[in-house]
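K.L.:
Residue numbers (the numbering used here): 1 to 318.
(1) Could you give the distance in angstroms between the alpha-carbon of residue 221 and the alpha-carbon of residue 171?
(2) Going by other Cβ atoms of all chains shown within 10 Å of its Cβ, with 16 needed for buried, is residue 391 buried or exposed?
(3) Among 91, 76, 175, which has the Cα closest to the Cα of residue 217?
(4) DSSP three-state call for residue 85: helix, strand or coil?
(5) Tell me whether residue 244 sits in a helix, a strand or coil according to DSSP, three-state version.
(6) Would residue 124 be called buried (16 or more neighbouring beta carbons within 10 Å of its own) or exposed?
(7) For the segment 92-169, list the beta strand (DSSP E) runs that are entirely contained and at least 3 residues long, ordered along the chain.
(8) What separation, rounded to the nearest whole angstrom, lies between the Cα atoms of residue 116 and residue 163?
(9) Quick one, which of 138, 120, 198 has its alpha-carbon nearest residue 127's?
(10) Indicate the three-state DSSP secondary structure (helix, strand or coil) for residue 173 in the structure shown.
(11) Would DSSP call residue 282 helix, strand or coil?
(12) In three-state DSSP terms, what is residue 251?
(13) May I ask which residues mark the beginning and end of the beta strand (DSSP E) holding residue 190?
(14) May I have the straight-line CA-CA distance separating residue 165 from residue 299, to the nearest angstrom?
(15) By DSSP, does residue 230 sit in helix, in strand, or in coil?
(16) If you drop the 5 nearest sequence neighbours on each side, which residues of the same chain put their C-beta closer than 7 Å to that of residue 79?
Structural data, given as structure tokens:
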């Protein structure tokens with residue numbers, strides 16, 4: 001009897017291990033057997049200022065009007081102080097920003113996703129945005145409420161990118177065979193990527209609502225899994241010097257690290273001048289960033305930017 005019981009327990013354990021391996025291999029090797037595994041990681045860089053100066057003034061004006069970024073911010077009621085800070089600061093510079101919440105919150109307007117599962121929230125938000133705004137916006141930026149974004153820098157980076165192509169970019173992370181854009185630094189999808197993603201949302205074997213049988217896969221990894229099936233791959237966004245412009249840490253943390261690792265080059269060793277995002281900010285830090293990025297000016301110094309992005313009519317963009 002004891003021997004039979006031991007055999008049964010061994011069988012259960014082996015079966016569980018086998019299921020876990022199947023699940024893991026299913027996610028690690030997604031896309032094999034077709035062209036997907038031939039993809040090589042790309043480092044996408046911002047355009048040179050000299051190239052922009054070659055464009056005529058009329059063309060620059062048309063460019064500034066044609067770039068339209070829709071911002072998606074995923075929030076939960078516990079994020080209410082961050083939510084308020086994001087609403088009062090950088091989202092004013094999006095062409096349109098909407099908050100997608102896990103439930104109704106009386107103090108702020110949001111779109112209720114009726115779930116606190118981050119992957120389900122992300123799926124529903126992308127579907128809502130594409131169904132409602134695919135003809136109005138060509139770039140879709142998704143962020144968490146701990147992220148501060150400089151939308152004008154994002155638009156500048158995207159100047160030479162064609163939204164009718166399947167762009168999926170931000171700060172890339174490698175996990176086994178899977179390369180994905182980390183949600184902490186923000187995720188950018190072109191309208192073509194949104195189209196391809198939405199075509200898969202109702203195909204469970206390619207883009208399941210649940211990320212795994214044994215353990216849960218983070219939402220940014222699950223997004224990459226779905227996009228790979230659509231032939232859309234993660235691209236790392238960098239400035240002309242190769243520095244990341246989507247950042248998963250705060251400015252303060254980057255400076256602290258630079259002071260330790262590059263004490264003679266704190267500024268140069270810290271961050272890109274063309275940074276698009278920083279993450280891990282408190283509400284107070286959001287307002288400090290807003291002051292430093294948009295309000296502080298040196299008297300007598302004139303900025304000669306090659307291109308000016310005009311806010312949409314009726315915007316409270318400051």
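Every residue gets a Cβ at the ideal spot worked out from N, C-alpha and C, and that includes glycine.
P.N.:
Per the coordinate set shown:
(1) 13 Å
(2) Outside the displayed range of the chain (1 to 318) lies residue 391, so it cannot be described from this structure.
(3) 175
(4) Note: residue 85 maps to helix in three-state DSSP.
(5) strand
(6) Residue 124 comes out buried.
(7) The beta strand (DSSP E) runs lying completely inside the segment 92-169 and spanning 3 residues or more are 96-101, 139-143, given in chain order.
(8) Rounded to the nearest angstrom, the two C-alpha atoms are 31 Å apart.
(9) 198
(10) strand
(11) coil
(12) helix
(13) 187-190
(14) Rounded to the nearest whole angstrom, the C-alpha separation of residue 165 and residue 299 is 42 Å.
(15) coil
(16) 145
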